[in-house]
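Reviewing the structure listed below.
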Amino acid sequence: MSLEDYERHFDSLNSDLGGGSVVSERSASGTFNGEEEKLHYIPIRILGRGAFGEATLYRRTEDNSLVVWKEVDLNSLSDKERRDVMNEISILSILEHNNIIAYFNHFMDKNSLLIELEYCNGKKIQCEDIKTLNIFLTKTDLIKLGDYGLAKKLDSEFSMAETFVGTPYYMSPELCQGAKYNFKSDIWAVGCVLFEVLTLTRTFDATNPLNLCVKIVQGNWTMEVNSDVYSSALIKLVYECLDQDPAKRPTAEQILDQPFISCFRQELEERVLLILNKHLSSMTETPVAVVTTRSREAYFWGGGKFTPQKLDTFKGGSSAQHVCAGESHFAVVTVEKELYTWANVACGADFTACVTDEDQMYMFGSDYYGCIGVEGDLGMEILEPVLLEFFEERPVRQVSCGDNHVVVLTQSGDIFSWGCGEYGRLGLECEDDFSSPMQVEIPKGATISSVSCGSDGTFYLTDTGKVLACGNNEFNKLGLSQGISGIKNHPGEVLGYIYRTEKKRHQLSRFKIQVIAPGKTHTAAIDERGRLITFGCNKFGQLGVKDFKKHQSVQVLVGPFGGKIVTKVSCGDGFTIAATEDNHIFAWGNAGNGRLGMPADKRFGSEVCPAMPRPIFGSLHHVPDLSCRGWHTIIIMG
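Going by full-length UniProt numbering, the first residue of the sequence shown is number 1, and it counts up by one from there.
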């Protein structure tokens, strides 16, 4: 973009801010009124406040990814401040670089301007506010430079800006003296940042702005860089950047050409690309952005709690994203990624497995059956998360836990299991226990998309909706009907590959399964059409088919689910909880000890076991996630 193009772009922004929505050259086709479009973003919390607005964390509803929007109240700004805001949008809209947070989108919401940040750099931009607080380190160790509210676009490296801007501690001598300045003021700020990193102290410090400016002009920095710790070449570069004469300071290109930097430059750039490619591969095309204030809340019931209990811990910035229930504990993943330690979590009877958003595996809890996966080296009780080094070179996609076993699906599609091997639940063609991950052999041609563990069995779901199952098939809870040729049905060693076409006698072969939810004695599944399917024990009416009879085949639930699409389901000990797309929540089966979330005086006590799914909660609720185990349920409602 030429300087003339930039000025025309700047003028268009100026006129737009004065009377309507903001239109940028990059996103003119995407400009919209915030009250007319479909909602796509949910606010989480304010991350901080800057010179012109608030930086707020938002969740994109399409893929649950987190983005930061800078929100500016235009009514509270002076004319100059409005120009500075327009300047930031203009700068961000023309820049693109892997290591700089930059403009992606913006829109008007009444009198607020919201700017979404993405990439920038390398277009003759003078930042004028380089400082440690504007340098960000992501969780993937990628450094990004942000906040361009003070940036200027210059038509040549010899152009001079004459406004007094910047953060005092990082201002160059020419700024302090009110002289004209150029790109070399940014190099001075780079020197200040390097000095801080090497000494952990400010380059210049004083009790008031006047004394600070005097020290900057005189070059009286707070201390010398320790030559016993850092190389002479690095120290020399710092002092060159802090030269009082702007002409003697190096350019950005000269800094990058320093031998101790250039020798690692290609390697560093390749690492940046690797990190970014991994991130971008999981992203989808971004829709037009609008904001809704819908919040999420977490509730639990069961274990003597007959009515849902709200968990006040998970609200606002710590909104629940994913939940999992164990026999005697719960695990919750929050949506805020600054504290978003785990991407996936699973609970066993008395241990917990976690996968980070960098695909690393951690475990903690009881190691009685070797479920921690460290071969008993750390004792019987692991009180803090332990990294499983086995998976450092095998990135983990998903983990699932039974009462006493663990199954992992890696990003490459391999399956590993360990823990208690009784009934063949590990899929290793034996009943031995293993205290470290063992690879499971999957039938040729099958590509596993997810794994789901029951109390003493395991399901493997393929990308085509077929099902593998191993473990205890008591009550036919694995869905492996008796008498089918080619499938073992010994309760201790069941490994069945259910073909949709070849095993026509098997009831599940008629469905393309999307979700499997195993319980203690029964299992529920959802197919691609959103139909709910149940099989296994029906002693308490947990299959939801209006009776308590034994059913060998799988059951498709109609009744209350007729015409509805089931989105979530989970099975506990003798009961089932399900949620539908139209925001209804249903419960049925054993109501003892509050399993169904209804008080005893509502005829849901231990003596009543409704065999027909009944709605719970008085109003409609969206359910992003739910989990049942034993007699407990934990659920997220939004």
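Don't be surprised by glycine CBs; every beta carbon is placed ideally from N, CA and C.
| Query | Result |
| --- | --- |
| Rounded C-alpha distance that separates VAL374 from PHE351 | 13 angstroms |
| Three or more C-beta pairs below 8 angstroms linking the region 234 to 246 and the region 175 to 195 | yes |
| DSSP-derived helix/strand/coil call for PRO437 | strand |
| Nearest residue (CA-CA) to GLY630, options TYR460, ASP403, THR462, TYR423 | ASP403 |
| Terminal residues of the alpha helix (DSSP H) in which GLU196 lies | 184 to 199 |
| Residue(s) in a DSSP beta bridge with PHE330 | ALA325 |
| GLU267 burial status per 10 Å Cβ neighbour count (16 or more: buried) | exposed |
| Where GLN218 sits in the DSSP three-state scheme | helix |
| Three-state secondary structure (DSSP) of SER231 | coil |
| Beta-carbon separation (whole angstroms), TRP418 vs GLY370, contact threshold 8 angstroms | 6 angstroms |
| Span of the beta strand (DSSP E), counted from its first residue to its last, around GLN514 | 513 to 518 |
| Buried/exposed call for GLN254, threshold 16 Cβ in 10 Å | exposed |
| Helix, strand or coil at GLN266 according to DSSP, with G and I counted as helix | helix |
| Coil, strand or helix - ILE89 by DSSP | helix |
| First through last residue of the beta strand (DSSP E) which encompasses GLN398 | 396 to 401 |
| Cβ pair VAL554, GLY454 closer than 8 angstroms | no |
| Cβ separation of ALA325 and ILE42, assumed to be a contact under 8 angstroms, to the nearest whole Å | With a Cβ gap of about 25 angstroms, ALA325 and ILE42 do not count as contacting. |
| Alpha-carbon spacing of VAL68 relative to ALA353, whole angstroms | 29 angstroms |
| Cβ-based neighbour list, SER282, same chain, cut-off 7 angstroms, excluding 5 preceding and 5 following | Low confidence applies here, because SER282 scores a pLDDT of 47, under 50, leaving its location unreliable; read the following figure in that light. Result list for SER282: empty, nothing under 7 angstroms. |
| Span of the alpha helix (DSSP H) around ILE255 | 252 to 256 |
| Paired residues, beta bridge with GLU54 - DSSP | ARG49, GLU71 |
| Beta-carbon contacts of GLY376 that lie in its chain and below 7 angstroms, excluding the five residues immediately before and after | ASP367, GLY370, SER435 |
| Limits of the unbroken alpha helix (DSSP H) element including CYS571 | Taken as a continuous stretch (DSSP letters only), CYS571 belongs to no alpha helix (DSSP H), being part of the beta strand (DSSP E) at 566 to 571. |
| Backbone CA spacing between ILE143 and ARG271 [nearest angstrom] | 11 angstroms |
| Where the beta strand (DSSP E) containing GLU297 begins and where it ends | 297 to 302 |
| Unbroken alpha helix (DSSP H) run spanning PRO246, endpoints | No alpha helix (DSSP H) holds PRO246; DSSP gives it neither H nor E. |
| Selection from ASN590, GLY594, HIS621 that minimises the alpha carbon distance to CYS609 | ASN590 |
| DSSP bridge partner residues for MET361 (one or two, in chain order) | VAL355 |
| N- and C-terminal bounds of the alpha helix (DSSP H) containing GLU174 | 173 to 176 |
| Anticipated Cβ contact below 8 angstroms, TRP188 with CYS241, distance rounded | 6 angstroms |
| Beta strand (DSSP E) segment containing GLN309, residue limits | 305 to 311 |
| Where the beta strand (DSSP E) containing ALA469 begins and where it ends | 467 to 471 |
| Where GLU285 falls: helix, strand or coil (DSSP) | Caution applies to GLU285, whose pLDDT of 41 falls short of 50 and renders its modelled position unreliable; the model cannot decide the point. |
| Buried versus exposed, by CB contacts within 10 Å (16 or more), LEU237 | buried |
| Backbone secondary structure at ASP109 - three-state DSSP | strand |
| Per DSSP, cross-strand counterpart(s) of GLY457 | GLY471 |
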